[in-house]
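Going by our numbering, the first residue of the first sequence is number -7, and it counts up by one from there.
Following: one structure in structure tokens, then a few remarks.
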Amino acid sequence: MGRVLPIRFYARPAVVVARELLGARIVSSVDGLLTVGRIVETEAYTGPDDEASHAAARIGRTARNAAMFGPPGSAYVYRIYGVHWCLNVVTDTVDHPAAVLIRAIEPITGIDVMHERRGRGTIARCLIGRGPGNLARALGIDGILNGQSLRVAPLRLLRGDAIDDAAIATGPRIGVTRAMDLPLRFFIRGNPSVSGRRKQSRPPER
DNA sequence: GGTCGGATCATCT
DNA sequence: GATGATCCGACCG
């Protein structure tokens, strides 16, 4: 399959990286168990001026968001609602806090492992990696990976297939309470693993 | 189909 | 002391 994505891939604005991460592969070997997924949905958190970001200027640098100020190509993993882990990819430059939240993957390898980690009985394939908390759980991701490089085991990102612009849709980010109008969510149109809006098929225009 | 609330806790004020 | 880049099951229609 593809090569490990190089630093220069990440050393660009979060919006660009979010768009180009679609189709990339996440390879996890956490606990010696191989799981691979294809990224189908992302969100960009662009920098200090992004009011919805954990590293917005009004918040500044804190213990939680420190990884966002680190080198591009590393992970920012945080716990939300005391329950779920979320995986972000750090982008742009050191000291410019920006990241891309991975919102959904399509399972490719190790589906049985992912299934078992989810621990909810039988789940449809397309639901295993749908939603940031769900995909983190399926891949065995937790806070230990915060700040770690995404170019070495146990968590690596590989170049995937190029996705046609026509196959990509954008929209407002999910669940945020600020900057709600910005179209910083990117997803592969019609993909069943995409979270957020459940009705993907829009009724014909009248 | 849709809406609602509980879980659960680290983080920040 | 309040909040949150979520998920799931309950309930309603």
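Ideal placement from N, C-alpha and C gives every residue a C-beta, glycine not left out.
Quantities reported herein were computed from a predicted structural model and do not represent experimental measurements.
From the DSSP output, which residues share a beta bridge with residue i?
i	result
F178	T34, T162
F29	In the sequence on display, residue 29 carries Gly and not Phe. In DSSP, G29 forms a bridge with I18, P99.
N57	For N57, which the question treats as bridged, DSSP gives no partner whatsoever.
L13	According to DSSP, which records beta bridges pairwise, L13 is partnered with nothing at all.
H88	DSSP lists no partner for H88.
Closest to residue i by CA distance: which of the options is it?
i	options	result
N126	R177, P40, G102, H107	H107
C118	N183, V81, R177, I94	N183
L202	R122, R53, L26, R50	Here the chain covers residues -7 to 198 and nothing more, so residue 202 does not appear.
A59	R170, G132, A91, V19	A91
I155	A6, L13, A3	L13
L174	T83, R148, R165	R165
G29	D23, V19, E35	V19
R177	A3, R50, V7	V7
F61	A3, L131, L149, T162	A3
S21	P63, R143, R11	R143
R17	S185, G152, T162	G152
A160	F179, D23, P146, L149	Before going further, note that residue 160 is Ile rather than Ala in the sequence given. Ranking F179, D23, P146, L149 by Cα distance to I160 puts F179 first.
V32	A55, P99, P146, Y70	P99
Suppose you measure from the CA of residue i to the CA of residue j; what does that come to, to the nearest Å?
i	j	result
A158	G15	14 Å
G74	P(-2)	33 Å
S187	G113	20 Å
G65	L26	21 Å
Q140	Y68	8 Å
A49	A171	14 Å
R(-5)	V9	16 Å
State buried or exposed for residue i, treating a residue as buried only when at least 16 other CB atoms are found within 10 Å of its CB.
i	result
D42	buried
T169	exposed
D104	exposed
I136	exposed
D84	buried
V86	exposed
T38	buried
### Message
At 3 residues or longer, what runs of the beta strand (DSSP E) sit wholly inside the region 116 to 147?
### Response
none
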